[in-house]
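Per my numbering, residue 135 is the first one in the sequence shown, and the count goes up by one each step.
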Amino acid sequence: MTTDSGASAPLCVSGARSWQTTRFVIDLSRPRVMGIVNVTPDSFSDGGRLGDARAAIAHCEQLLRDGAHILDIGGESTRPGAASVAADAEIERVLPVLRAALGLGVPVSVDTSEPRLIERALALGADIVNDVRALRRPGALELLAAHPHAGVCLMHTRGEPATMQQQADYDDVVADVAAFLHQRAAEVEAAGVARERIVIDPGIGFAKRPEHNLLLLQRQHELAALPWPLLVGWSRKGTLGQITGRPVDERLAASVAAALAAVQRGASIVRVHDVAATVDALKVWHAAGLP
Ligand code: HH2
Numbered sequence: 135m136t137t138d139s140g141a142s143a144p145l146c147v148s149g150a151r152s153w154q155t156t157r158f159v160i161d162l163s164r165p166r167v168m169g170i171v172n173v174t175p176d177s178f179s180d181g182g183r184l185g186d187a188r189a190a191i192a193h194c195e196q197l198l199r200d201g202a203h204i205l206d207i208g209g210e211s212t213r214p215g216a217a218s219v220a221a222d223a224e225i226e227r228v229l230p231v232l233r234a235a236l237g238l239g240v241p242v243s244v245d246t247s248e249p250r251l252i253e254r255a256l257a258l259g260a261d262i263v264n265d266v267r268a269l270r271r272p273g274a275l276e277l278l279a280a281h282p283h284a285g286v287c288l289m290h291t292r293g294e295p296a297t298m299q300q301q302a303d304y305d306d307v308v309a310d311v312a313a314f315l316h317q318r319a320a321e322v323e324a325a326g327v328a329r330e331r332i333v334i335d336p337g338i339g340f341a342k343r344p345e346h347n348l349l350l351l352q353r354q355h356e357l358a359a360l361p362w363p364l365l366v367g368w369s370r371k372g373t374l375g376q377i378t379g380r381p382v383d384e385r386l387a388a389s390v391a392a393a394l395a396a397v398q399r400g401a402s403i404v405r406v407h408d409v410a411a412t413v414d415a416l417k418v419w420h421a422a423g424l425p
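Structure follows, in structure tokens:
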């Protein structure tokens, strides 16, 4: 799946896409599963459960047994309406878990926009920065540009989680999101981050109403046509609740279905809570000759 990074590691195998990160080159010729580790008191689906570092590390180990290819550790809830978290608290939550996760032999991503945490995480050897604000906080882009290899995920959103749903107005959401991602990824490249280090994400549920999220899935091929690999996170999100009428803890089947649909429409990486079910579904999908 991955090869150790470094100057001599091959970036692409037979033309297939890959994602350069600090220690690994992730082969994207097969869909990859990013397992979510929320070290937050208030995440929308699993908040509070992994509050202490030991529980979070045990959860990382479980996600790897379940087949996760990448771990994504976050200390800020970004659900609609979430209060902003103080940088010190976020850093304190994430660093001990990150330190342990970096010893588990897989690429580790830090889900943050906070430049002080980005700096500390990169200094520890984090492989990827997953930023829902696409490196728009002052200093964030410079930190990635100064690093030789770290991967980055640039996501579309508008405003801050507390108020973002008030900005969910689009003439053509797919065209708007594609234009934003195209422009932001080009800016990040121009700042010195090589193309093979960048993936893009439409930001399902971020400043979007259910109809916007569904259009982004129905027309996802328009995003997949952009020159950067696509990461998508549908797991347990509100639009799935709206479609199925189910609360957040009963959205497993809906989440797996959405992940498969995203892969079929060109996503290279799916960000999920339920790793075992998603990995099984992708194995059957692959055995059936689907992408
Ligand atoms: N969604 C969430 C958080 N981070 N990162 C990317 N790249 N894409 C996403 O869709 C995405 C993300 C929100 O989901 P979750 O982490 O489950 O909840 P919370 O933000 O409440 O912790």
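For each residue, glycine too, the CB sits at the ideal point set by N, CA and C.
Fair warning: this is a prediction, and the values are worked out from it, not measured in the lab.
Excluding the 5 residues flanking residue 148 on each side, which residues of the same chain have their C-beta closer than 6 Å to its C-beta? Here residue 148 is taken as the residue at index 14 of the sequence shown, counted from 1. With a pLDDT of only 41 at residue 148, under 50, the local geometry of the prediction cannot be trusted, and no value is derived from it.
Mapping the DSSP letters down to three states, classify residue 243 as helix, strand or coil. Counting from 1 along the sequence shown, the entry for residue 243 is found at position 109. Residue 243: strand per DSSP, three-state reduction.
Can you pull the DSSP bridge partners for residue 287? Counting from 1 along the sequence shown, the entry for residue 287 is found at position 153. 264, 333, per the DSSP bridge assignment.
Excluding the 5 residues flanking residue 168 on each side, which residues of the same chain have their C-beta closer than 6 Å to its C-beta? As a first step, residue 168 is located in the sequence shown; it is residue number 34 there, counting from the start. Cβ within range, chain order: 204, 206, 403, 405.
Determine the closest residue to residue 334 out of 379, 212, 357, with distance taken between C-alpha atoms. Taking the first residue of the sequence shown as 1, we reach residue 334 at position 200. Comparing Cα-Cα distances from residue 334 to each of 379, 212, 357, the minimum goes to 357.
Check whether the Cβ atoms of residue 231 and residue 190 sit closer than 9 Å, and answer yes or no. The count along the sequence shown starts at 1 and reaches residue 231 at position 97. The count along the sequence shown starts at 1 and reaches residue 190 at position 56. Yes, they are a contact pair.
Relative to the C-alpha of residue 322, which residue among 275, 262, 296, 256 is closest? Stepping through the sequence shown from its first residue, residue 322 is reached at position 188. Looking at the Cα atoms, 275 is the closest of the given residues.
Outcome for residue 326 when other beta-carbon atoms lying within 10 angstroms are tallied against a minimum of 16: By one-based count along the sequence shown, residue 326 stands at place 192. Counting Cβ neighbours within 10 Å, residue 326 comes out exposed, since fewer than 16 surround it.
Proximity below 9 Å, CB of residue 292 to CB of residue 341: Taking the first residue of the sequence shown as 1, we reach residue 292 at position 158. Taking the first residue of the sequence shown as 1, we reach residue 341 at position 207. Cβ distance < 9 Å, so residue 292 and residue 341 count as in contact.
Verify whether the separation of the beta carbon atoms of residue 173 and residue 228 is less than 9 Å. As a first step, residue 173 is located in the sequence shown; it is residue number 39 there, counting from the start. As a first step, residue 228 is located in the sequence shown; it is residue number 94 there, counting from the start. Contact: yes.
Outcome for residue 424 when other beta-carbon atoms lying within 10 angstroms are tallied against a minimum of 16: Taking the first residue of the sequence shown as position 1, residue 424 is located at position 290. It counts as exposed.
Going by DSSP, which residues form a beta bridge with residue 172? Within the sequence shown, residue 172 is the residue found at index 38, counting from 1. 208.
Evaluate the contact criterion for the segment 309 to 322 versus the segment 233 to 242: three or more CB pairs, one atom per stretch, below 8 Å. Flag = no, the segment 309 to 322 and the segment 233 to 242 do not touch.
Does the Cβ of residue 248 have 16 or more other Cβ atoms within 10 Å, making it buried, or fewer, making it exposed? Here residue 248 refers to the residue found at position 114 of the sequence shown. By the neighbour-count rule (16 or more Cβ atoms within 10 Å), residue 248 is buried.
Tell me, which residues are paired with residue 161 by DSSP? Locating residue 161 in the sequence shown gives position 27, counting from the first residue. DSSP lists 152 as the bridge partner or partners of residue 161.
So does residue 324 have its beta carbon nearer than 8 Å to some heavy atom of ligand 1? The count along the sequence shown starts at 1 and reaches residue 324 at position 190. It does not: the Cβ of residue 324 is nowhere closer than 8 Å to a heavy atom of ligand 1.
Local conformation of residue 166 per DSSP, three classes: Walking along the sequence shown from the start, residue 166 turns up at place 32. Three-state result, residue 166: strand.
Those residues which DSSP pairs with residue 386 across a bridge: Mapped onto the sequence shown, residue 386 falls at position 252. Residue 386 is bridged by DSSP to nothing; it lacks a bridge partner.
CB contact flag (residue 375, residue 385, <9 Å): As a first step, residue 375 is located in the sequence shown; it is residue number 241 there, counting from the start. As a first step, residue 385 is located in the sequence shown; it is residue number 251 there, counting from the start. It is a contact, given that the beta carbons lie within the stated cut-off.
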